[in-house]
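Novice: In our numbering, the protein residues as written are -14 to 219. Glycine residues also receive a C-beta, built at the ideal position from the N, C-alpha and C atoms. The structure displayed is predicted, hence computed values, not measured ones.
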Ligand SMILES: Nc1ncnc2c1ncn2[C@@H]1O[C@H](COP(=O)(O)OP(=O)(O)OP(=O)(O)O)[C@@H](O)[C@H]1O
Ligand SMILES: [Mg+2]
């Protein structure tokens, strides 16, 4: 079981969109057992899920919400840790995606991040996004070193999101090399299809989406499975 957070320090870089996109595609189209945990009082994903009411019956994956505040005297990170330990023992899921607020200035968020096996960092090429990415990469690398000391691996990958034909895109790969962040070969463009994200359908199997969008998502999902050594059922 892989516990992964799509994480960056910048709001709006696509953490929640990519989390939902991956959960849909990997569960519906690739047959993986997936769960989402929202460690966020915003409940973005659960709210979207509630709007998908007509598909309520055969929903392909559960969404748990764990608010970040202290819960009945038990610290949040302990609640998440206990929950993940239990899921690990039950061995029911291939992948747990944990949506964590995009800040690292809070001890509880750092504790939640420390429980992850992997980070997928959505990358947007704007200057403000670069700075946030740089800061998050520093934190992530520090966590990687701390994990190594206790024999735990932390896998870190970046994926380019909201790709547009802009000047800022040109030197972006060089920027990632400079900060020593390994990059997915696949990327996701800035598309309305992604901004209208929902929680009930896979992009690969759904004929509503254009062929090129389905191909883009399929390439992303396949690379995700390979990079993070997830099982292949198809
Ligand atoms: N590839 C994309 N194409 C088009 N729109 C996108 C794409 N990725 C994200 N968006 C849009 O950008 C906005 C922010 O995305 P999202 O909610 O995933 O960001 P976030 O990183 O989770 O932000 P927060 O830190 O607030 O939780 C949303 O309106 C979403 O629809
Ligand atoms: Mg979000």
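Quick one: what does DSSP say residue 190 is sitting in, helix, strand or coil?
Specialist: Position 205 of the chain shown, counting from 1, holds the residue named residue 190. Residue state, collapsed to three classes: coil.
Novice: Have a look at residue 87 and residue 148 and give me their C-alpha separation to the nearest angstrom.
Specialist: Stepping through the chain shown from its first residue, residue 87 is reached at position 102. Stepping through the chain shown from its first residue, residue 148 is reached at position 163. Each residue's Cα considered, the two are about 20 Å apart.
Novice: I'd like to check one pair, residue -5 with residue 118: are the Cβ atoms closer than 8 Å?
Specialist: The count along the chain shown starts at 1 and reaches residue 118 at position 133. The count along the chain shown starts at 1 and reaches residue -5 at position 10. Yes, the Cβ-Cβ distance between residue 118 and residue -5 is below 8 Å.
Novice: If you reduce the DSSP assignment to three classes, tell me which class residue 49 lands in.
Specialist: Numbered from its first residue, the chain shown carries residue 49 at position 64. Looking at residue 49 - three-state DSSP - the assignment turns out to be strand.
Novice: With 16 other CB atoms within 10 Å as the buried threshold, where does residue 193 fall?
Specialist: Within the chain shown, numbered from 1, the residue matching residue 193 stands at position 208. Burial call: exposed.
Novice: Beta-carbon within less than 6 Å of residue -10's beta-carbon, same chain only, minus the 5 sequence neighbours each way: which residues are those?
Specialist: For the purposes of this step, residue -10 is taken as the residue at position 5 of the chain shown. Once the five neighbours on either side are set aside, the close Cβ partners of residue -10 are 83, 85, 101, 104.
Novice: One question on the structure: do residue 153 and residue 110 come within less than 8 Å of each other, judged by their Cβ atoms?
Specialist: Here the question's residue 153 lines up with position 168 in the chain shown. Here the question's residue 110 lines up with position 125 in the chain shown. Yes, the pair counts as a contact, with Cβ atoms nearer than the cut-off.
Novice: Kindly provide the ranges of any beta strand (DSSP E) runs that are 3 or more residues long and lie completely inside the stretch 68 to 122, ordered along the chain.
Specialist: Listed in chain order, they are 80 to 84, 103 to 108.
Novice: Under three-state DSSP, which class holds residue -11?
Specialist: Counted from its first residue, the chain shown places residue -11 at position 4. Here residue -11 sits in strand by DSSP.
Novice: Less than 7 Å between the CB of residue 132 and some heavy atom of ligand 1, yes or no?
Specialist: As a working note, residue 132 is residue 147 in the chain shown. It does not: the Cβ of residue 132 is nowhere closer than 7 Å to a heavy atom of ligand 1.
Novice: Return the chain-ordered ranges of every alpha helix (DSSP H) run that is complete within the stretch 141 to 207 and spans a minimum of 4 residues.
Specialist: Qualifying alpha helix (DSSP H) stretches, in chain order: 157 to 163, 177 to 180.
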